[in-house]
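Chains as they are written, first to last, in this note's numbering: chain S, 5 to 399; chain B, 2 to 58.
Report on the following structure.
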């Protein structure tokens with residue numbers, strides 16, 4: 005029986021669009037559905053990404069979707085110690101702060117150019133299964149129920165990760181592996197326009213406060229707090245508002261947008277494929293557990309998924325075995341790093357403000373010229389080996 | 002579960018965190034299905050403080 009589409013991608017974020025693009029490029033009949041009326045909105049992201057991550061996924065930088073070029077990062081301890089990494093002097097690959105409203109649309113436009121069909125205001129409500137195989141999705145298109153069959157369904161539904169769970173893959177999270185976030189885009193700030201700032205410690209239990217420049221005197225000012233550290237509703241926003249009030253560089257600003265969201269800070273899923281289903285991006289829990297960054301990993305996983313799906317279309321085989329090369333590709337590319345950073349997150353959770361002050365203080369004397377979690381862990385290993393001894397072999 | 006539509010930011014943090022996969026967000030409307038066992042996790046973690054358990058202040 006001929007299916008409606010070879011591949012149906014649920015979710016029009018960067019991972020979904022990359023999957024759609026690469027599958028369509030290899031000749032697959034692709035439909036990407038997005039429940040919202042606009043791709044890239046509303047925003048649920050701090051928008052930071054490193055250039056290397058984009059390059060790895062084969063996405064050339066287009067200044068139309070870049071808000072700010074970043075010279076480096078500042079890590080600020082609870083007691084105000086600052087560890088500054090200036091990448092521009094090292095000539096290293098530096099970071100960007102994106103304009104996700106435009107970036108996501110550009111990624112989707114590339115999928116369209118490769119031949120993928122895109123439907124907006126179309127929300128998946130369930131998957132269709134035959135035995136142990138996913139064969140399509142049930143959706144609502146502008147409110148009207150519709151049933152669509154496919155060789156393979158792609159779960160690109162982000163943090164919600166419902167498609168996988170409807171199909172029978174458990175992507176549920178412990179509260180210690182969930183960060184809830186609140187962010188303002190603010191204007192009239194007095195922060196540095198080319199440094200990303202991370203403020204750690206009890207001001208943001210189990211997470212951090214960030215200031216990511218968005219050009220001129222604007223920035224994304226946000227917070228992530230570990231769900232297991234929350235006591236009452238609205239705590240996340242309370243912590244952020246409290247910090248903004250205290251920091252004179254921020255308290256002079258005003259918000260022009262407020263957003264919220266959930267971020268997984270867990271190890272990656274154990275199972276990313278099953279017969280007729282493939283998980284990409286945040287839905288596969290491949291966000292970096294230390295930074296909460298998921299764009300680069302999502303793009304790369306989407307690229308791998310689309311390429312493997314292209315092969316599956318040629319062979320007309322969407323079995324778990326046929327999809328397994330995708331599982332192997334993304335694990336080879338990022339699984340060790342995700343586990344290492346998850347272990348680092350678990351360790352850092354146990355550190356007091358006083359210890360963090362000490363760590364940041366000694367780090368500022370270390371020679372770290374590239375802004376990456378790995379390089380910071382190397383420096384910590386050198387200065388504070390006791391903090392990383394449980395996972396030193398991964399550093 | 003009571004959802005304050007004035008407070009809800011439609012972010013889906015509750016949806017992805019729900020251990021029962023019992024919450025559904027279609028653009029702006031949050032729906033709870035019969036699998037909800039009132040564990041209260043979503044109430045605590047909602048960044049907007051938009052959720053309240055029925056019968057509780």
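Note that CB positions come from ideal geometry on N, CA and C, so glycine has one too.
Being a predicted model, the structure only gives us computed values, none of them experimental.
Every beta strand (DSSP E) stretch that sits fully inside the segment 66 to 153 of chain S and reaches 3 residues is listed by chain position as 70 to 73, 76 to 80, 86 to 90, 99 to 102, 121 to 123, 126 to 134 and 137 to 145. In terms of beta-carbon proximity, residue 13/B lines the interface with chain S, with at least one pair separated by less than 8 Å. Judged by DSSP in its simplified three-state form, residue 281/S adopts strand.
For residue 256/S, same chain residues with a beta-carbon under 8 Å away, outside a window of 5 residues either side, are 192, 193 and 194 in chain order. Chain-ordered, the chain S residues with CB closer than 9 Å to the CB of residue 28/B read 39, 40, 41, 125 and 127.
Taking 8 Å as the threshold, the shortest C-beta distance from residue 18/B to chain S falls below it.
For residue 299/S, the uninterrupted alpha helix (DSSP H) run begins and ends at 299 to 319, by DSSP. For the segment 185 to 197 of chain S, the beta-carbon criterion of a distance under 7 Å to any beta-carbon of chain B is satisfied by 185 and 186. Within the DSSP bridge table, the entry for residue 204/S names 212/S as partners. For residue 265/S, a Cβ of chain B is located within less than 8 Å of the residue's own Cβ.
Residue 373/S and residue 362/S have their C-alpha atoms roughly 20 Å apart.
Listed along chain B are 12, 13, 14, 16, 17 and 18, each with a C-beta nearer than 9 Å to that of residue 163/S. Residue 265/S is positioned such that its CB atom lies no closer than 8 Å to that of residue 160/S. Residue 32/S and residue 391/S do not touch by the CB rule: their CB atoms are close to 47 Å apart, not below 8 Å. For residue 37/B, no chain S residue has a Cβ inside 8 Å of its Cβ, as the nearest lies near 14 Å away. Proximity of the segment 323 to 337 of chain S to the segment 164 to 183 of chain S falls short of the contact definition, fewer than three beta-carbon pairs being nearer than 8 Å.
The beta carbon of residue 26/S sits closer than 6 Å to those of 307, 310 and 311, all from its chain and outside the five residues before and after it, given in chain order. Among the bridge pairs identified by DSSP, residue 182/S is matched with 268/S.
Residue 33/B is bridged by DSSP to 24/B.
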